[in-house]
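Chemist: Residue numbers (UniProt numbering): 1 to 210. Ideal Cβ positions, reconstructed from N, Cα and C, are used throughout, including at glycine. The structure that follows is given in the form of structure tokens.
Set out below in structure tokens:
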């Protein structure tokens with residue numbers, strides 16, 4: 001007599017259909033988010049220097065092997081958190097006047113670097129990005145390209161308004177606007193107070209308009 005059950009009393013076909021596959025994907029996505037949330041929490045509490053795969057596994061309640069199936073190292077974990085945040089955070093400040101937009105972009109970037117976990121992650125990753133070509137490629141494609149896209153949109157609007165000179169190079173504008181932030185954040189340690197963005201833009205804006 002044919003049985004409607006497979007080995008161990010499980011109904012034949014259960015676990016093999018599309019519903020089982022979808023369930024596996026949902027469980028994997030939940031596990032992934034738990035790992036990223038744990039990594040973000042630990043980075044926010046103690047920074048990149050104290051981050052370990054063991055610590056993430058303990059905080060997330062998963063085995064280290066679960067993490068290593070997805071990430072090679074703590075650096076990959078930190079980068080994954082940064083990429084997860086970059087997709088949700090934009091510095092596009094859409095307002096009516098280009099100088100104000102530039103100032104808002106600088107102020108927002110300073111805020112993210114100095115008051116959010118993004119700054120802690122970037123402090124920890126900067127030397128890793130310099131030493132690892134593959135990490136550098138991903139960082140440029142996902143993080144740097146987002147910032148360049150923001151500034152490019154801003155420059156295009158400024159040109160269309162007649163407030164910026166035609167032919168202005170968005171990449172050069174990005175370098176000039178954000179370079180001082182990273183220099184102060186990573187190297188000089190000079191403060192970036194509430195008036196920093198306005199002072200920086202007032203210094204640079206004449207070169208963008210003439």
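1) Considering only the alpha carbon of each residue, which of 166, 141, 61 lies closest to residue 83?
2) Within its chain, find whatever has a CB closer than 8 Å to the CB of residue 165; leave out the 5 residues flanking it on each side and keep chain order.
3) Taking all protein chains shown into account, do 16 or more other C-beta atoms lie within 10 angstroms of the C-beta of residue 154, making it buried, or fewer, making it exposed?
4) Note down the Cα distance separating residue 118 from residue 194, rounded to an integer number of angstroms.
5) Taking all protein chains shown into account, do 16 or more other C-beta atoms lie within 10 angstroms of the C-beta of residue 78, making it buried, or fewer, making it exposed?
6) Would DSSP call residue 142 helix, strand or coil?
7) Using C-beta distances below 6 Å, list every residue in its chain close to residue 102, excluding the 5 sequence neighbours before and after it, in chain order.
8) Could you tell me which of 169, 31, 176, 148 sits nearest to residue 70, measuring between CA atoms?
9) Go ahead and pull the three-state DSSP assignment for residue 95.
10) With a threshold of 16 other CB atoms inside 10 Å of the CB of residue 72, please say whether the residue is buried or exposed.
11) Is the segment 26-45 close to the segment 55-69, with three or more CB pairs under 8 Å?
12) How far does the alpha helix (DSSP H) with residue 202 in it extend, from its first residue to its last?
13) When you compare only the Cα positions, how much space is there between residue 175 and residue 36?
14) Please return the same chain residues whose Cβ sits closer than 7 Å to the Cβ of residue 178, not counting the five positions on each side in sequence.
15) Count the other C-beta atoms from every protein chain shown that fall within 10 angstroms of the C-beta of residue 186, then say buried if there are 16 or more, exposed otherwise.
16) How far does the alpha helix (DSSP H) with residue 78 in it reach, from first residue to last?
17) Among 161, 48, 136, which one has its Cα closest to the Cα of residue 121?
Modeler: Concretely, from the data shown:
1) In the chain shown, residue 83 corresponds to position 83, counting from 1. Of the listed residues, the one whose Cα sits closest to residue 83 is 141.
2) As a position in the chain shown, residue 165 is number 165, starting the count at 1. Answer for residue 165: 159, 208, 209, 210, listed in chain order.
3) Translated into the one-based positions of the chain shown, residue 154 becomes position 154. Classification of residue 154: buried, given that the 10 Å Cβ count is 16 or more.
4) Residue 118 sits at position 118 when you count from the first residue of the chain shown. Residue 194 sits at position 194 when you count from the first residue of the chain shown. In a straight line, the C-alpha of residue 118 is about 19 Å away from that of residue 194.
5) Here residue 78 refers to the residue found at position 78 of the chain shown. Counting Cβ neighbours within 10 Å, residue 78 comes out buried, since at least 16 surround it.
6) The sequence position of residue 142 within the chain shown is 142, counting from 1. Residue state, collapsed to three classes: helix.
7) Residue 102 sits at position 102 when you count from the first residue of the chain shown. Excluding sequence neighbours, residue 102 sits near 201.
8) What you label residue 70 is simply residue 70 of the chain shown in a count that begins at 1. Among 169, 31, 176, 148, the Cα nearest to that of residue 70 belongs to 31.
9) In the chain shown, counting from the first residue as 1, residue 95 sits at position 95. Coil, per DSSP.
10) On the chain shown, position 72 is the one that residue 72 refers to. With fewer than 16 other Cβ atoms within 10 Å, it is exposed.
11) yes
12) On the chain shown, position 202 is the one that residue 202 refers to. Here the alpha helix (DSSP H) through residue 202 covers 196-209.
13) In the chain shown, counting from the first residue as 1, residue 175 sits at position 175. In the chain shown, counting from the first residue as 1, residue 36 sits at position 36. Within the model, the alpha-carbon separation for residue 175 versus residue 36 is close to 30 Å.
14) In the chain shown, the residue the question calls residue 178 occupies position 178. These residues qualify, in order along the chain: 109, 147.
15) For the purposes of this step, residue 186 is taken as residue 186 along the chain shown, with counting starting at 1. By the 16-neighbour rule on beta-carbons within 10 angstroms, residue 186 is exposed.
16) Position 78 of the chain shown, counting from 1, holds the residue named residue 78. From DSSP, the alpha helix (DSSP H) with residue 78 extends over 74-86.
17) Here residue 121 is taken as the residue at index 121 of the chain shown, counted from 1. When each option's Cα is compared against that of residue 121, the closest is 48.
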